[in-house]
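Residue numbers (my numbering): 283 to 447.
This report refers to the structure that appears directly beneath it.
In structure tokens:
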């Protein structure tokens, strides 16, 4: 490649890049997500939760970790409006909001923000997702994949995370 030369995207067929391929260890996580439950792992030694699912604690390296159902509540840590993505099925979804959220239990996770309130495709296309750091979010599931949406805003609300999108 010559400096300044653009790399041309090559379309990939037959593989979807928005769906992971579960293995023996992560199957529990993906089966729960398909049922509308978000799981995290918690260490029995140091007590800290973590995500993505691992067979050991990334904080103290203990293998004494167990599955736990997360509350489904999170706050927005950071985000970006994605305007171009050539991998299937993303070209049909642009623009979309890629984000990192901080779960109520502590860990951060990569995700997508869906139904960003009053945001329309035109608003997202302009780069304005109408989001702000610390925005309250709740988990939803799209085709068995956890995504997040804005938490309802009304006094004394009860959140019912896990609604399909």
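Ideal Cβ positions, reconstructed from N, Cα and C, are used throughout, including at glycine.
A direct Cα-to-Cα measurement between residue 300 and residue 377 gives close to 15 angstroms. With contacts defined by Cβ atoms closer than 8 angstroms, residue 413 and residue 358 form a contacting pair. In the three-state reduction of the DSSP assignment, residue 359 falls in the strand class, which pools E and B. Taking C-alpha positions only, residue 302 is separated from residue 379 by approximately 19 angstroms. In the three-state DSSP reduction, residue 335 falls in the coil class, being neither helix nor strand.
With respect to residue 344, residue 328 sits close: the two C-beta atoms are nearer than 8 angstroms.
With distances taken between CA atoms, residue 315 lies nearest to 427 out of 431, 435, 427.
A buried status is given to residue 325, since no fewer than 16 other beta-carbon atoms sit within 10 Å of its beta-carbon. Residue nearest to residue 391 within the set 342, 365, 347, 323 is 323 (criterion: CA-CA distance). Exclusion of the five residues before and after residue 416 leaves 357, 358 as the residues of its chain whose Cβ lies within less than 8 angstroms of its Cβ. By the neighbour-count criterion, in which a residue is buried when 16 or more other Cβ atoms sit within 10 angstroms of its Cβ, residue 373 is exposed.
One Cα belongs to residue 365, the other to residue 340, and the distance between them is close to 33 angstroms.
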